[in-house]
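Inspection log for the structure reproduced underneath, given as structure tokens.
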Amino acid sequence: TDAYPEGTPTGTVFLSAFTTKVAVFALVRTFAGEDVLIYVGVTMTCFPIFYAVIENDLRRVLSYSMINQIGFMVTGVGLGTALALNGAVAHAFADVIFKGLLFMTMGSVLQMTGRINGSDLGGLYKTMPITATFCVIGALAISAFPLFSAFITKSMVMTAALDEGYVWVWPFLLFASAGVLEHAGIKIPYFSFFGHDSGIRAKEPPKNMLWAMGIGAVLCVVIGSFPSLLYSLLPFEAEYHPYDWTHIVTQLQLLLFGALAVVWLMKRGIYPPEIRALNID
Numbered sequence: 306t307d308a309y310p311e312g313t314p315t316g317t318v319f320l321s322a323f324t325t326k327v328a329v330f331a332l333v334r335t336f337a338g339e340d341v342l343i344y345v346g347v348t349m350t351c352f353p354i355f356y357a358v359i360e361n362d363l364r365r366v367l368s369y370s371m372i373n374q375i376g377f378m379v380t381g382v383g384l385g386t387a388l389a390l391n392g393a394v395a396h397a398f399a400d401v402i403f404k405g406l407l408f409m410t411m412g413s414v415l416q417m418t419g420r421i422n423g424s425d426l427g428g429l430y431k432t433m434p435i436t437a438t439f440c441v442i443g444a445l446a447i448s449a450f451p452l453f454s455a456f457i458t459k460s461m462v463m464t465a466a467l468d469e470g471y472v473w474v475w476p477f478l479l480f481a482s483a484g485v486l487e488h489a490g491i492k493i494p495y496f497s498f499f500g501h502d503s504g505i506r507a508k509e510p511p512k513n514m515l516w517a518m519g520i521g522a523v524l525c526v527v528i529g530s531f532p533s534l535l536y537s538l539l540p541f542e543a544e545y546h547p548y549d550w551t552h553i554v555t556q557l558q559l560l561l562f563g564a565l566a567v568v569w570l571m572k573r574g575i576y577p578p579e580i581r582a583l584n585i586d
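The sequence shown runs 306 to 586 under our numbering.
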């Protein structure tokens with residue numbers, strides 16, 4: 306949360322894609338099934354939400370979000386079953402793409418405006434509609450909307466927890482999923498491209514940056530719409546069907562009520578102020 310927000314727009318994307326995912330790979334290879342990782346992972350999914358809610362620097366918000374997402378992976382490693390490990394690996398793969406996409410969109414905003422604090426931005430969709438669209442796609446993907454990538458990966462870990470009798474894990478992961486919707490699914494696109502009009506009229510970034518974001522956006526949709534493409538690459542044999550009605554309805558309910566809660570808090574003026582979070586970890 307200190308290094309990523311200070312990196313260059315390009316460097317941060319590579320950091321988010323490789324550094325933390327190498328650690329997840331090492332855990333899968335060497336510590337699968339260690340119960341302590343379940344507790345570590347659940348903690349990682351929940352505590353960054355409280356920092357991300359009040360953080361003003363949007364790239365730092367994404368950094369806290371990264372800890373949250375890695376928590377799902379670590380929880381899967383701790384559970385250690387074939388389904389859980391497949392979920393950890395699949396979610397790591399998906400996270401490289403949708404988190405990279407979100408970091409690219411925020412990097413584009415920083416490069417074209419010179420600003421990255423949510424309180425300084427807003428209204429950029431008027432002159433950066435393509436970048437705004439890519440950001441929304443990344444937000445939908447990380448929030449696990451149906452037909453987007455995290456919908457078919459995150460739930461594998463949650464299902465594995467229930468299958469193994471770790472019923473207490475499920476509500477924490479559900480809370481963490483709602484937190485992702487708030488700080489990455491809504492806060493990032495809303496404060497940067499929508500919200501109040503900051504008066505900034507920045508142009509779209511260069512075409513090479515748009516192409517990179519476009520590829521990431523397409524992959525978020527393709528992976529979520531055709532899960533067998535990703536599942537065929539996973540290391541273990543474990544049957545899982547993400548598009549059953551129970552999962553779809555449960556996830557849509559979570560997203561709906563989570564979004565309504567954010568709207569209500571903002572309308573009532575209760576939404577936490579945008580300030581620099583004091584990191585005490």
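The beta carbon of each residue, even a glycine, is placed where N, CA and C say it ideally should be.
Owing to the predicted nature of the structure, the values given are computational and were not obtained by experimental measurement.
With the cut-off set at 8 angstroms, would you say threonine 315 and glycine 412 are in Cβ contact?
Within the sequence shown, numbered from 1, the residue matching residue 315 stands at position 10. Within the sequence shown, numbered from 1, the residue matching residue 412 stands at position 107. Yes, these two residues count as a Cβ contact at 8 angstroms.
What's the gap between the Cα of cysteine 525 and the Cα of glycine 504?
Stepping through the sequence shown from its first residue, residue 525 is reached at position 220. Stepping through the sequence shown from its first residue, residue 504 is reached at position 199. Cα to Cα, the separation comes out at about 31 angstroms.
Using the Cα positions of proline 353 and methionine 378, report the straight-line distance between them to the nearest angstrom.
Your numbering for residue 353 matches position 48 in the sequence shown. Your numbering for residue 378 matches position 73 in the sequence shown. Rounded to the nearest angstrom, the two C-alpha atoms are 15 angstroms apart.
Straight-line CA distance for alanine 328 to lysine 459?
In the sequence shown, the residue the question calls residue 328 occupies position 23. In the sequence shown, the residue the question calls residue 459 occupies position 154. Distance from the CA of alanine 328 to the CA of lysine 459, rounded to the nearest whole angstrom, comes to 18 angstroms.
Cutting at 6 angstroms between CB atoms, please list the residues of its own chain near alanine 446, excluding the five before and the five after it.
In the sequence shown, the residue the question calls residue 446 occupies position 141. Closer than 6 angstroms at Cβ, skipping near neighbours: Phe403, Phe453, Ser454, Ala455, Cys525.
Report all residues from its chain with a CB closer than 7 angstroms to the CB of glutamate 509; omit the five preceding and five following residues, and keep chain order.
Walking along the sequence shown from the start, residue 509 turns up at place 204. Excluding residues within five positions, the ones whose Cβ falls inside 7 angstroms are Met433, Ile435, Thr436, Leu515.
Measure the Cβ-Cβ separation of valine 333 and alanine 393 and say whether it is below 8 angstroms.
Here residue 333 is taken as the residue at index 28 of the sequence shown, counted from 1. Here residue 393 is taken as the residue at index 88 of the sequence shown, counted from 1. Yes, they are a contact pair.
Across which residues does DSSP place asparagine 422 in a beta bridge pair?
Taking the sequence shown and counting its residues from 1, the one referred to as residue 422 is at position 117. According to DSSP, which records beta bridges pairwise, asparagine 422 is partnered with Asp362.
Indicate whether threonine 380 and glycine 346 have their beta-carbon atoms separated by less than 8 angstroms.
Translated into positions along the sequence shown, residue 380 becomes position 75. Translated into positions along the sequence shown, residue 346 becomes position 41. In this structure, glycine 346 lies closer than 8 angstroms to threonine 380 by Cβ.
Look at the Cβ atom of isoleucine 372, then the Cβ atom of methionine 349, and state whether they are nearer than 8 angstroms.
The count along the sequence shown starts at 1 and reaches residue 372 at position 67. The count along the sequence shown starts at 1 and reaches residue 349 at position 44. Going by C-beta atoms, isoleucine 372 is nearer than 8 angstroms to methionine 349.
Given this structure, state the Cα-to-Cα distance separating methionine 463 from tyrosine 309, to the nearest angstrom.
On the sequence shown, residue 463 is found 158 positions in, with the first residue counted as 1. On the sequence shown, residue 309 is found 4 positions in, with the first residue counted as 1. Their backbone Cα atoms lie some 28 angstroms apart in a straight line.
Of the residues Val341, Pro476, Ala507, Gln374, which one's Cα is nearest the Cα of alanine 357?
As a first step, residue 357 must be located in the sequence shown, where it is residue number 52. Out of Val341, Pro476, Ala507, Gln374, Gln374 has the C-alpha closest to the C-alpha of alanine 357.
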